[in-house]
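Chemist: Each residue of the sequence shown is one higher than the last, beginning at 42 in the working numbering.
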Amino acid sequence: MTTTLRGSLSLAVLAGVFASPSALAWEHLGHVWLPEDMPLEYYVADEEACALTTVPPEYCTPAMQEAWGIWEDIPCVEYTTLYAGVCDNIGYEPGNGLNYIAFDDPYDELEAGAIAAALSVDDRTLAFVLEGTAYLHAYDSDIVFNDNVLLDTRENIREGRCNGGFDMVSIGVHEMGHTLGLGHSCEENDLCTDPKLKNAMMYWTGAPCNNFDPVEDDIEGTTALYGPYASFVCSHTVSEDLAIGIVPFELKCVITAEDVTEITSAYWRFGDGGTSDQVAASHVYEEPGNYTVQVTVNGDREDCGEEGWEYNYRRVGYVRACGLPEPEFTFEPVEGLTYQMLNESNVSVYGCIQDIQWEVYKGGSANGNPITELTAKAWEPRLTFPEAGEYTVVMNLGGPAGTSAAQLTIDVKSARSSGGCDTAGAGALGAAGALAGLLVVARRRRD
Ligand SMILES: [Zn+2]
Numbered sequence: 042m043t044t045t046l047r048g049s050l051s052l053a054v055l056a057g058v059f060a061s062p063s064a065l066a067w068e069h070l071g072h073v074w075l076p077e078d079m080p081l082e083y084y085v086a087d088e089e090a091c092a093l094t095t096v097p098p099e100y101c102t103p104a105m106q107e108a109w110g111i112w113e114d115i116p117c118v119e120y121t122t123l124y125a126g127v128c129d130n131i132g133y134e135p136g137n138g139l140n141y142i143a144f145d146d147p148y149d150e151l152e153a154g155a156i157a158a159a160l161s162v163d164d165r166t167l168a169f170v171l172e173g174t175a176y177l178h179a180y181d182s183d184i185v186f187n188d189n190v191l192l193d194t195r196e197n198i199r200e201g202r203c204n205g206g207f208d209m210v211s212i213g214v215h216e217m218g219h220t221l222g223l224g225h226s227c228e229e230n231d232l233c234t235d236p237k238l239k240n241a242m243m244y245w246t247g248a249p250c251n252n253f254d255p256v257e258d259d260i261e262g263t264t265a266l267y268g269p270y271a272s273f274v275c276s277h278t279v280s281e282d283l284a285i286g287i288v289p290f291e292l293k294c295v296i297t298a299e300d301v302t303e304i305t306s307a308y309w310r311f312g313d314g315g316t317s318d319q320v321a322a323s324h325v326y327e328e329p330g331n332y333t334v335q336v337t338v339n340g341d342r343e344d345c346g347e348e349g350w351e352y353n354y355r356r357v358g359y360v361r362a363c364g365l366p367e368p369e370f371t372f373e374p375v376e377g378l379t380y381q382m383l384n385e386s387n388v389s390v391y392g393c394i395q396d397i398q399w400e401v402y403k404g405g406s407a408n409g410n411p412i413t414e415l416t417a418k419a420w421e422p423r424l425t426f427p428e429a430g431e432y433t434v435v436m437n438l439g440g441p442a443g444t445s446a447a448q449l450t451i452d453v454k455s456a457r458s459s460g461g462c463d464t465a466g467a468g469a470l471g472a473a474g475a476l477a478g479l480l481v482v483a484r485r486r487r488d
């Protein structure tokens with residue numbers, strides 16, 4: 042099957058092989074639906090397709106509705122689905138924007154051993170960043186049951202009349218978890234000892250004649266993507282991910298949430314050891330640095346039970362606290378009138394030096410006009426002076442907090458390299474040249 046996909050396709054297969062279990066927290070697949078996508082519409086293959094399975098032809102549609110209902114019943118999540126009707130397999134094509142559930146692997150995509158799979162496509166736009174992971178906006182997700190799998194109804198299994206097949210509803214629930222963006226709680230070869238992960242709906246495989254339902258791990262995974270959410274905005278913001286200030290400065294932050302009246306408490310960590318338990322918090326940064334700001338927000342919502350909800354939000358490297366640049370440099374003679382500048386400025390705080398300019402003045406002070414040809418923007422320029430004599434070299438560093446400069450006076454002598462290009466006859470001269478290089482005098486002055 043050839044399809045043109047708008048984004049990347051993630052294929053999550055529920056394998057039907059049984060191996061020893063394993064341990065990882067729940068994982069996400071990297072795609073997510075947004076509030077504007079709700080209700081999530083889905084189509085189901087018709088009775089003719091359902092008749093190709095081992096459940097009654099009229100069972101497939103209600104089974105899929107029941108399966109989506111199980112996800113919707115999780116408290117404190119914000120997604121809804123809508124059964125949009127049946128259609129034949131012509132409607133099924135990954136990437137066509139139609140969420141479709143097929144029962145007989147119409148394009149023969151699934152390998153033997155796979156019970157079912159979810160094929161999800163994103164539209165390559167960023168939905169949000171959560172805990173440093175970027176989630177792309179989902180666009181289409183199809184679920185495919187393999188055609189050679191023995192399926193049974195949830196009722197038969199519940200009532201002990203299992204035919205040895207897999208619960209169709211449970212399989213649907215697992216694949217729908219993938220549609221929502223959940224990965225597996227454990228993969229086939231993981232050492233999965235935590236019962237919380239082993240018993241999860243999103244465990245990589247399932248056993249026949251079993252009903253499975255979302256447990257703690259599945260709920261945490263979904264809530265992380267679709268549950269109550271909080272963020273913050275601060276003063277000194279230059280972009281969503283960056284606030285710049287000049288020390289000392291007071292950063293003021295407030296929490297943003299879908300409904301801020303739900304918020305009952307907050308705990309901020311400002312990255313330099315400073316904390317606050319105010320919903321609207323402020324903090325004074327004294328020392329230059331790049332700091333991560335993090336807030337844990339607690340809120341009340343009837344759906345979320347007595348303990349309410351909790352959400353942790355952080356922005357890595359969010360605060361750039363700058364002081365004046367601290368310029369410092371030295372130099373070494375290279376050859377002839379050429380000298381290499383060596384920049385030793387403090388660069389420990391990222392982003393606090395934004396501009397550099399070197400200027401060279403004739404004589405022992407930075408008076409008059411700099412020599413135009415020697416003005417440079419490089420971090421460590423190599424300067425060739427026009428003739429021997431005294432020069433003053435100034436390095437200016439600019440940043441958010443302002444500009445500062447360092448200067449050195451160099452007594453330029455014609456230093457000649459003692460390298461191998463000298464002929465035997467010029468040997469003595471070469472040595473003299475190297476000696477001259479050592480006589481370079483520097484006076485350092487800091488502004
Ligand atoms: Zn799976």
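Beta carbons are placed, not taken as given, at the ideal position from N, Cα and C, and that holds for glycine. Note that the structure is a prediction, hence the values are computed from the model and not measured.
1. Using 8 angstroms as the threshold, is the region 270-288 in touch with the region 127-141, meaning 3 or more CB pairs across them?
2. Rounding to the nearest angstrom, what Cα-Cα distance links W309 and R342 in this structure?
3. Given this structure, state the Cα-to-Cα distance separating A90 from G213, to the nearest angstrom.
4. Within its chain, find whatever has a CB closer than 8 angstroms to the CB of E373; leave out the 5 residues flanking it on each side and keep chain order.
5. Tell me the DSSP bridge mates of C275?
6. Jot down the residue ranges of each uninterrupted alpha helix (DSSP H) in the region 95-182, minimum 4 residues, whole runs only, in chain order.
7. In terms of residues, what are the limits of the beta strand (DSSP E) holding T194?
8. DSSP state of E394, grouped into three classes?
9. Let me know if P368 comes out buried or exposed under the rule of 16 or more other beta-carbons within 10 Å of its beta-carbon.
10. From G286 to A168, what does the alpha carbon distance come to, in whole angstroms?
11. Taking all protein chains shown into account, decide if P76 is buried (16 or more other Cβ within 10 angstroms of its Cβ) or exposed.
12. Suppose the cutoff is 6 angstroms on Cβ atoms and the five residues either side in sequence are ignored; what does the same chain contact list for I412 look like?
13. DSSP three-state call for S211: helix, strand or coil?
14. Should H72 be listed as close to ligand 1, given that the test is whether its C-beta is under 7 angstroms from any heavy atom?
15. Please indicate yes or no: does the CB of H225 lie closer than 7 angstroms to some heavy atom of ligand 1?
16. Helix or strand or just coil, what does DSSP make of C91?
17. What's the gap between the Cα of P80 and the Cα of N140?
18. Go ahead and pull the three-state DSSP assignment for L378.
19. Whose C-alpha, out of C275, V85, W112 and T122, is nearest the C-alpha of V185?
20. Leaving out five residues on either side along the sequence, give the residues of the same chain with a beta carbon under 6 angstroms from the beta carbon of A92.
21. Taking only the alpha-carbon atoms, compute the straight-line gap between G314 and Q398 and give it to the nearest angstrom.
22. Within this structure, are the beta carbons of H69 and G224 separated by less than 8 angstroms?
23. Label G262 either buried or exposed according to how many other C-beta atoms from any shown protein chain fall within 10 Å of its C-beta, with 16 as the threshold for buried.
24. Go to Y308, then tell me how far its beta strand (DSSP E) extends in each direction, as first and last residue.
25. Going by DSSP in three states, M242 sits in which element: helix, strand or coil?
26. Excluding five sequence neighbours on each side, which residues of the same chain lie with their C-beta closer than 8 angstroms to the C-beta of E385?
27. So what's V301 in DSSP terms, helix, strand or just coil?
28. Would you kindly work out how many angstroms separate the C-alpha atoms of T234 and E303, rounded to a whole number?
29. For M436, which three-state DSSP category applies?
30. Any heavy atom of ligand 1 closer than 7 angstroms to the Cβ of H219?
31. Which residues share a DSSP beta bridge with A86?
32. Is H69 close to ligand 1? I mean its beta-carbon at under 7 angstroms from any heavy atom of the ligand.
33. With a 10 Å radius around its C-beta and 16 neighbouring C-beta atoms as the bar for buried, classify N408 as buried or exposed.
34. Taking G262 as part of the alpha helix (DSSP H), name the residues at either end of that continuous run.
35. Between W112 and ligand 1, is the CB less than 7 angstroms from at least one heavy atom?
36. In this structure, does DSSP put A66 in helix, strand or coil?
Modeler: According to the structure shown:
1. Flag = no, the region 270-288 and the region 127-141 do not touch.
2. One C-alpha to the other measures close to 21 angstroms.
3. If you take the alpha carbons of A90 and G213, they lie about 16 angstroms apart.
4. For E373, same chain residues with a beta-carbon under 8 angstroms away, outside a window of 5 residues either side, are Y380, Q381 and L383 in chain order.
5. The partner list for C275 (beta bridge, DSSP) reads C294.
6. The alpha helix (DSSP H) runs of length 4 or more contained entirely in the region 95-182 are, from start to end of the chain, 101-113.
7. No beta strand (DSSP E) contains T194, which DSSP labels as neither H nor E.
8. Here residue 394 turns out to be Ile, not Glu, going by the sequence shown. Coil.
9. With 16 or more other Cβ atoms within 10 Å, it is buried.
10. One C-alpha to the other measures close to 29 angstroms.
11. Per the 10 Å Cβ criterion, exposed.
12. Only V401 meet the Cβ criterion.
13. Of the three classes helix, strand and coil, the one that applies to S211 here is helix, per DSSP.
14. The answer is no for H72.
15. Within the cutoff, so yes.
16. In the three-state scheme derived from DSSP, where H, G and I count as helix and E and B as strand, C91 is classed as helix.
17. Taking the straight line from one Cα to the other gives about 12 angstroms.
18. Looking at L378 - three-state DSSP - the assignment turns out to be coil, as it is neither helix nor strand.
19. Distances from the alpha-carbon of V185 to those of C275, V85, W112 and T122 put V85 closest.
20. Contacts found: P98.
21. The alpha-carbon atoms of G314 and Q398 are separated by roughly 35 angstroms.
22. The answer is yes: Cβ separation under 8 angstroms.
23. By the neighbour-count rule (16 or more Cβ atoms within 10 Å), G262 is buried.
24. Where Y308 is concerned, the enclosing beta strand (DSSP E) starts and stops at I304 to R310.
25. M242 falls in the coil class under three-state DSSP.
26. Within the same chain, E369, F370 and T371 come within 8 angstroms of E385 by CB-CB distance, once the 5 residues on both sides are set aside.
27. Secondary structure of V301 (DSSP, three-state): helix.
28. Computed Cα separation, rounded: 37 angstroms.
29. For M436, the secondary structure class from DSSP, reduced to helix, strand or coil, is strand.
30. Indeed, a heavy atom of ligand 1 lies less than 7 angstroms from the Cβ.
31. Residue pairing for A86: DSSP places it in a beta bridge opposite C128.
32. False, no ligand heavy atom lies under 7 angstroms from that Cβ.
33. N408 comes out exposed.
34. E257 to Y267 is the span of the alpha helix (DSSP H), which, as asked, contains G262.
35. Answer for W112: no, Cβ out of range of ligand 1.
36. Here the model assigns A66 a pLDDT of 36, short of 50, so the residue's position is not dependable, and the following value carries that caveat. Coil, per DSSP.
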